[in-house]
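Notes follow once the structure below has been shown.
Residue numbers (this note's numbering): 41 to 294.
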């Protein structure tokens, strides 16, 4: 699916990403974790070519991402940013339907409508479907953007802090939806996220970044160690699991 080898990214003279190796398999969720400024969002934007890079070592299902047309890139990759521009006054259902734009043909209307209705139902947005998008709360908008990415049906889904504006119920709903997308559509899912416990619970693998470099990657139990938490976040922490539910409790700053 997604394969990145030796990615570097500079902004001016500053090296933001340094020698990143990363793989995301079909049907797999990989979570990027690390402190603010670690390079998580930048990495997502490089993959989606929002931040242009001359790096040629990024492929998706064998296709070079740098060589893809914008239309084919939009068909292949769905992206939900952490922050969006001014809210549009479209109805929620129409906002979600924008995710079908890269796939539209002259006779695709009924097919597209079924996909949009399925996403609205999956994310429980029925009560919001006819409301103007610009009247929604930040958390509601985040759920709508996730639905828009869902209908895009890309081979790869990129989510930048998808739970940051959500309450506990909708955090679980968003991450469960990501899991369902990976399982049902076979999409690879790459998520930048701060909540270590949520990441550990839903991800197949974690990739921990610090100052643009990969510090550790693998199963959560290999990545979320006291030593890594101390080195990357500067805090001591208690890490364990309650049955199959991981937890991370920060104890004190170091």
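Glycine included, each C-beta is placed from N, C-alpha and C at the ideal position.
Going by DSSP, residue 291 is part of the beta strand (DSSP E) stretching over 285-293.
The C-beta distance from residue 192 to residue 139 rounds to 4 Å, short enough to meet the 8 Å contact threshold.
Out of 137, 77, 63, 75, the CA that lies nearest to the CA of residue 152 is found in 137. With respect to the 7 Å criterion, residue 59 and residue 46 are classified as neighbours on the basis of their beta carbons. The beta carbon of residue 157 lies closer than 6 Å to none in the same chain, with the five residues before and after it left out. Comparing C-alpha distances from residue 234 to each of 267, 110, 250 shows the shortest one belongs to 250.
If you check the CB distance, residue 290 and residue 277 come in under 7 Å.
Distances from the alpha-carbon of residue 175 to those of 63, 128, 284, 190 put 128 closest. The alpha-carbon of residue 215 is positioned some 8 Å away from that of residue 238.
Uninterrupted alpha helix (DSSP H) stretches at least 4 residues long and entirely within the segment 171-219 occur at 178-192, given in chain order. Here DSSP, grouped into helix, strand and coil, assigns residue 149 to helix. When the Cα atoms are used, residue 79 and residue 55 turn out to be separated by approximately 10 Å.
If you check the CB distance, residue 120 and residue 185 come in under 7 Å.
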